[in-house]
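Below is one structure, written out as structure tokens, with a few remarks after it.
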Amino acid sequence: MGNDIPALTSVKTWLSENFSMKDLGDASYVLGIRIYRDRSRKLIGLNQSTYIDKILDRFSMSNSKKGSLPMTPGTVLSKNQSPSTPEHNELMMKDAFLVYGGEEELKVVSYTDASFQTDRDDSKSQAGYLFCLNGGAFSWKSFKEDTTIDSTIEAEYIAAAEATKEAVWIKKFITELGVVPSINDPISLFCDNTGVIAQEKEPRSHQKTKHIVRRYHIIREIVDRGDVIICKVDTDDNIADPLTKPLEKLKHEGHTRSMGIRLMPDWP
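Oh and the sequence shown: position 26 is 45 in the working numbering, straight run, nothing missing.
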């Protein structure tokens, strides 16, 4: 219904006539999530400050200090490491208190990335993707690939394939909502690996890619169908990077800001 006030009023009237309900005005809390609105700047923010405070109390961390990074760059974690070391405890004491902002352009874009064989225990790669709408991330995933691979191209190709499958679902969902006219256009999926883009556009048998599991080649069908278009992005501008590995402070903050995420002090 969007901003159709008469339609909204009609629905509220119908609901009140058929159910016991109370109109509390603009939402301030939904499922424990606090909602901020700045209508003049067309911004909406969400945070779980109450839930975070409860978790801090539960683990006796109410007086802990806030860190600027979720993890120090170069940190290597393993399942064989003891979880009771001072260093591990310090990593666990990082808190996140974030809010989302927005931009003018109402268009879905996606970013995908992978880090080659980052798991020291089984040599699996870490991958991630995210989707942004109106300047804010609304769907994302960071995951360890279930296939042991032997090239960066393969790791990136698998990440891109998973992102394209998510793009298909997102297009169907947003199309049903009818609120994003540009959703009929192909979703731009940004990848920083030229090998992946070449393989998708001109499939061929290659020493580094001929053994890729067939199920990941669904990316070609999705692209040919016009649901997604694979685009090149510079490695330094790939905002999916934080989903694959720890980054230094300036780069981490730059990427999270590009996702539309803000620290609470930045909220007006």
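Cβ coordinates follow ideal geometry from the N, Cα and C atoms, glycine included.
- Per the DSSP secondary-structure output, Ile241 pairs with nothing in a beta bridge.
- Below 8 Å, too few C-beta pairs join the segment 157-165 and the segment 198-215 to call them touching: fewer than three.
- Sorting Ile241, Gln218, Asp132, Tyr176 by C-alpha distance to the C-alpha of Asp255 places Asp132 at the top.
- When C-beta atoms of the segment 170-180 are compared with those of the segment 143-150, three or more pairs fall below 8 Å, so the two segments count as touching.
- Every unbroken stretch of the beta strand (DSSP E) spanning 3 or more residues and falling wholly within the segment 244-272 is given here in chain order: 247-251.
- Here Ile206 carries a strand assignment [DSSP, helix/strand/coil].
- In the three-state scheme derived from DSSP, where H, G and I count as helix and E and B as strand, Thr131 is classed as strand.
- The residue among Gly51, Ile202, Ser158 with its C-alpha nearest the C-alpha of Ile248 is Ile202.
- When only Cα atoms are considered, Tyr130 and Lys268 end up about 20 Å apart.
- Between Trp188 and Asp140, the alpha-carbon positions lie close to 33 Å from each other.
- Residue environment analysis places Ile74 among the exposed positions, since fewer than 16 neighbouring C-beta atoms fall within 10 angstroms of its C-beta.
- In this chain, the beta strand (DSSP E) harbouring Ile63 covers 62-66.
- Boundaries of the alpha helix (DSSP H) around Lys184: 171-196.
- Under the criterion of beta carbons closer than 8 Å, Ala156 and Ile24 do not qualify as touching, at roughly 30 Å.
- With at least 16 other beta carbons inside 10 angstroms of its own, Leu152 counts as buried.
- Looking only at Thr137, Ser134, Gly154, Tyr70, the smallest Cα-Cα distance to Val128 is reached by Gly154.
- By the neighbour-count definition (other C-beta atoms within 10 Å, threshold 16), Asp253 is an exposed residue.
- Arg58 sits in a helix when the DSSP states are folded into three classes.
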